[in-house]
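Protein chains in written order, with our numbering: chain A, 1 to 349; chain B, 1 to 349; chain C, 1 to 349; chain D, 1 to 349.
In this text, a Cβ means the ideal position worked out from N, Cα and C, and glycines have one as well.
Remember, it's a predicted structure, so these values are computed and weren't measured experimentally.
4 protein chains.
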Amino acid sequence: MHFASDNWAGVPDAVSRALAEAASGAAPAYGDDGGTAAVTAKIAEVFEHEVAVFYVATGSAANSLSLAAFSPPGGVVFAHETAHVMTDECNAPAFLSPGTRFIGVPGHHGRLDAGELTHALDRFGPPNVHHGRAAAVTITNATELGTVYSPADVAAIGEVVHSRGLKLHMDGARLGNALATLGVSPADLTWRAGVDALSFGLTKTGAWSAEAVVLFTPDGVDDLPYLRKRAGHLFSKSRFVSAQFAALLEGGRWLSLAGHANAMARRLHAGLAAVPGVTFPFVPEANELFPALPRDMVARLFAAGAAFYEWPDASFGDTAGPERTRVRLVTSFATTEADVDAFLAAASG
Amino acid sequence: MHFASDNWAGVPDAVSRALAEAASGAAPAYGDDGGTAAVTAKIAEVFEHEVAVFYVATGSAANSLSLAAFSPPGGVVFAHETAHVMTDECNAPAFLSPGTRFIGVPGHHGRLDAGELTHALDRFGPPNVHHGRAAAVTITNATELGTVYSPADVAAIGEVVHSRGLKLHMDGARLGNALATLGVSPADLTWRAGVDALSFGLTKTGAWSAEAVVLFTPDGVDDLPYLRKRAGHLFSKSRFVSAQFAALLEGGRWLSLAGHANAMARRLHAGLAAVPGVTFPFVPEANELFPALPRDMVARLFAAGAAFYEWPDASFGDTAGPERTRVRLVTSFATTEADVDAFLAAASG
Amino acid sequence: MHFASDNWAGVPDAVSRALAEAASGAAPAYGDDGGTAAVTAKIAEVFEHEVAVFYVATGSAANSLSLAAFSPPGGVVFAHETAHVMTDECNAPAFLSPGTRFIGVPGHHGRLDAGELTHALDRFGPPNVHHGRAAAVTITNATELGTVYSPADVAAIGEVVHSRGLKLHMDGARLGNALATLGVSPADLTWRAGVDALSFGLTKTGAWSAEAVVLFTPDGVDDLPYLRKRAGHLFSKSRFVSAQFAALLEGGRWLSLAGHANAMARRLHAGLAAVPGVTFPFVPEANELFPALPRDMVARLFAAGAAFYEWPDASFGDTAGPERTRVRLVTSFATTEADVDAFLAAASG
Amino acid sequence: MHFASDNWAGVPDAVSRALAEAASGAAPAYGDDGGTAAVTAKIAEVFEHEVAVFYVATGSAANSLSLAAFSPPGGVVFAHETAHVMTDECNAPAFLSPGTRFIGVPGHHGRLDAGELTHALDRFGPPNVHHGRAAAVTITNATELGTVYSPADVAAIGEVVHSRGLKLHMDGARLGNALATLGVSPADLTWRAGVDALSFGLTKTGAWSAEAVVLFTPDGVDDLPYLRKRAGHLFSKSRFVSAQFAALLEGGRWLSLAGHANAMARRLHAGLAAVPGVTFPFVPEANELFPALPRDMVARLFAAGAAFYEWPDASFGDTAGPERTRVRLVTSFATTEADVDAFLAAASG
């Protein structure tokens, strides 16, 4: 009953097999092997667009270096106030930029709103040396609160962003989950909606470590190799990353795995919503749920061996109140129906 | 006939098996799983010393963050003038510190010399805000030129370093090769000889990506978690790193693999040294060779499909001259006797 | 009729005289002259506490380097959401730290509230690598909105700060104005109320450039000389700074000058408050006023040659509304009663 | 008998007068006053070229920010191995860039040699992520060893630099001394010889603090305002800098003052060269002398109250040897013939 994080899962057999197959033979280091080129071509095919691809070690690095490529000295990046880049990356995005200023913007259910963004940009005003110059906007899809942006949502933001000469970055640590929910194409949810750079993460989806900056624009292509190396993120045996990307992109496996995680989340939501005393601030749209649970139910679940985190009771439209505890439940490719049902049984007492 | 780099090799079966075994089941992310604790205990056992272990993505990151932990504002680090941190890491060590100054010190055959180091430290003088304050010394073992420091060599440097209140760091990207050559214990070559922090790299030895900062001292233990995360180097599914370390440390496998690479280097050296026109600046001591080859021999080898790099003809005691080309040849765990013999045959024409 | 900024003023004769007197003769550079020692002794006397003093070029530098001295890797600083360090220094505080994260906290009338601060620190929680570790709190006195913290206000914050093992920094760009308003001693408003470091700025008070980090604690004393030089802020002929500090501290001249500026602000407030259509969000407490003026009055004032800035209509308790414009009016040592009266006459039409 | 540094001098009356005259009246802050525009126009006139001018607090800041503007991520700057940016600025140039790598190049008498530079650039090779990408070359005129580059010397370097698509920066902390020695125009020694950016320092010449980045090229013009503010180097009351520049540039006063310093240096050289036991490594060309003096003479000079520094006995073509001490003697606008003669008398015993 592991619902603590999709990072707690391992990898599907396909990934282990791909790594085993890549283990023999020699290949140029630092990405000069054919594997990286093949993955780049595959990503271009999947996204229906020419791309530049830069593997890095973590999603934090992908976010930081993407935004570093877009942010000049004095640059300012706007993000949802609950965005991972704002709150959970030890300020790596500002450190690795370096010196980029991040401004949080409110928005319901973890989503940046085009109207709120417009208001924030208007209030920020034109470039000056005191407050800096707006450079980019970053959104996370699926969001940190388990909701998703539709192509129209992204396009509305993209229009605001590009009308002001800024760049749009998407943190895609759970892009597969968003795509699986929406049933739209990767292209529709990214560059066609105005996304210039994507942190393309397959680790949460089912890799050991497969994170990349994907650029849909020539801007930043010249700098990223140096930004990456300067931050110590150029893998020598990068074919181990290629093998994982290849295994997960092949035949849309990443979308199937994400779809499974989403289905388990829906099953969990349906079951929990029927349990008295459990409330949800909104209907989960991907693989994360943030219900408020009665305190005794939380104790019962922990006693039954369930793994999950209590979560700060803010950023949500409702309030858990003194009798209940806000928790986060995350499903993954490895979650089974039996896991969900056991959790529901323990929750129901 | 791949002699371009030990980074061109893949991984031995034991690593693939370990990753496959780690693939199922749930484990806490970000190093809080039992695997990281077990690897830490294993490293402590191997090095016969309490250690703090921090996985990072690359050797550049391990070097940079180790030195960042030891270098205060205005800090200065002394290194051999051919050290990787000086010349091959895109200045990541200065960027991630940040602002640490690196001073190169000469030394025969890639080895920092205790006497030259003393001279450099004397000339540098006491701390002041203009030239900065000496903070640490870093050495690479095996060196970038394929030589090794013995425990006595390290201890001589360690004495200089500690007598001045500085810290000693060792870049151990090829520590296994040095140990296999010397036949001494990991403890003798590191903390017993004065090493405070080690970049412990098993990637070149036989992992996909297994790099860690290993601290033998409490200094830096509090800061490294933040230094690492701030640089985007905290793996979420870190058990994939644990699995590799465990597989390679088990039963001394890393030393056997490094020993094999060294043996192949000796075979290559013995064979080449007998070929007319080939000269070596010194006898290789680990798994890298830097012979000067006649130009037509180089062409013949490339034509035969050999992979290796021409190398800047500096830092060596001799000179290739106009008729010959300096090259670098590197062996790995995956190098076979057949590879070596084929290379020798092609070299001999 | 210059009410645009106290930075628009020049310097009083005493400063010019002091600079002229310091012009001849030789003195050691980089602060090793007797003048710096004398100023340090004078500041210690004025603040009734042992101090370490580091001249820098600007208030932004003083803030940035003070906080850099207190913030370790992963460090987080809490500030009022309208603080200069948050919004007006091009992120220098994060760049020069480097990588320090700043979290804005709300508070009425530009003042950080001890309760809100407690709430923010509670919500932030204990140190972890994802969100970082709380390191310091910074307050500005007089605030960016022209209000002041009393010794009791500061002490309440200081208690919260120190009970959690953090450091308290005060941005004292207008400390003289706050002191002149409150009629308390510099000691009461700083270290006795828990302030560990002060950005002590006399530029707005009446110097060309006299800004210093003043430390009331030994923490940071070793690092600041390097932090300062590394940022290019060590003046060579620092006696020109000493001369200014000496001239302004002598006989409490800085407090008289600030008191004059405050008196002019009170006169301006009293006059404007009587003009129909003018509203104030709160009673000004130092030398800055933020009234909302009828649009035609603003036009009339500009036509009459008044210099002042329109100001973003946020952060205030009231709203200017469509018919009026929020403006900022700042007085200085150089403001005369005639200036004020001319402004009031133009305002009254 | 102050020969320790030109930074030990104060300022000539003209500077004090100019500051006193600028003291009254109001002027926009942060460089938006007419004074900055007037100084920019004056610098353009003096250098016979359109310029962008950015005041900063110190020469270290001017060097760092000039090079930051020219150096992209992974950028590498080549400098003489004794250059101030390499050895005396606490690595500010690498910190503020940030992450720029500096490579020292040897050269006789403190001068970078076009041939040696070519060799270093050839050896460095084309851009790659490991060693970085060459971005700029910086030279100091007059040099740290008191020699000068002629327009032809600079042009030879400029040709190497520009043929490779790099930028040329000149550290002009003592540009006036070089110009006074050479009798050439500022234009001939800078942009006409290929200089793209100049650290234009008048502090050593006779200001309290008058340092600026002067750009002869549009590159960097957009970024420098932000680079400067982000480093805390935007003076609020910048007219105090304008006043100093104006006073020193007026009627070529800076060149007269530097010429006087040079004349005093020549007098000192002529006198000392005639004293038995004194040797010079080369004939001084500006206002710094580096003789080797007999140890008893040094003691006698100190006893007579002379102020000067012993200097590391390296970087010179000769050696002081055990019987003598290398010293540095610097003259300034404030040095008098009497000072020189008193020093010579004491030296002669």
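Less than 7 Å between the beta carbons of residue i and residue j, yes or no?
i, j, result
"Ala173/D", "Lys204/D", "yes"
"Asn287/B", "Ala265/B", "yes"
"Leu179/B", "Leu255/B", "yes"
"Ala207/C", "Val160/C", "no"
"Gly194/B", "His162/B", "yes"
"His49/C", "Phe216/C", "yes"
"His269/D", "Leu289/D", "yes"
"Ala29/B", "Asn128/A", "no"
"Leu344/D", "Gly271/D", "yes"
Using 10 angstroms around the beta-carbon of residue i, count the other beta-carbons present and answer buried if the total reaches 16, otherwise exposed.
i, result
"Asp153/C", "buried"
"Gly110/C", "buried"
"Thr319/A", "exposed"
"Glu211/A", "buried"
"Arg324/D", "buried"
"Ser66/B", "buried"
"Asp339/D", "buried"
"His260/A", "buried"
"Arg123/D", "exposed"
"Arg295/C", "exposed"
"Pro218/D", "exposed"
"Gly349/D", "exposed"
Just verifying my parser: in three-state terms, what is the DSSP assignment at residue i?
i, result
"Thr217/A", "coil"
"Leu168/A", "strand"
"Arg294/A", "Checking the sequence shown, residue 294/A turns out to be Pro, not Arg. The answer is strand: DSSP assigns Pro294/A an E or B state."
"Leu189/A", "helix"
"Arg326/C", "strand"
"Arg150/D", "Residue 150/D is actually Ser in this sequence, not Arg. Ser150/D falls in the coil class under three-state DSSP."
"Ala27/B", "coil"
"Ala210/B", "coil"
"Arg133/C", "strand"
"Arg101/D", "strand"
"Ala345/D", "helix"
If you draw a straight line from the alpha carbon of residue i to that of residue j, how long is it in whole angstroms?
i, j, result
"Thr58/C", "Ser209/D", "13 Å"
"Tyr55/A", "Val15/A", "17 Å"
"Val327/A", "Trp311/A", "5 Å"
"Thr190/B", "Pro151/B", "8 Å"
"Glu81/A", "Thr335/B", "52 Å"
"Pro72/D", "Thr100/D", "8 Å"
"Ser238/C", "Leu19/C", "12 Å"
"Asn91/C", "Ser332/C", "27 Å"
"Arg358/B", "Phe240/B", "Here chain B has residues from 1 to 349 only, and residue 358/B is not among them."
"Gly201/C", "Asn141/C", "11 Å"
"Ala347/B", "Pro106/B", "33 Å"
"Val330/A", "Arg164/A", "37 Å"
"Lys229/D", "Pro225/C", "21 Å"
Exercise. Do three or more CB pairs link the region 75-85 of chain B to the region 131-141 of chain B at distances below 8 Å?
Worked result: Touching, per the Cβ criterion.
Exercise. For the region 26-42 of chain A against the region 184-204 of chain A, are there 3 or more C-beta pairs whose distance is under 8 Å?
Worked result: Counting Cβ pairs under 8 Å, fewer than three are found: no touch.
Exercise. So, do the region 83-99 of chain C and the region 240-257 of chain B have three or more beta carbon pairs nearer to each other than 8 Å?
Worked result: The region 83-99 of chain C is not in contact with the region 240-257 of chain B.
Problem set entry | Three-pair Cβ contact test at 8 Å for the region 6-15 of chain B versus the region 17-24 of chain A | Touching, per the Cβ criterion.
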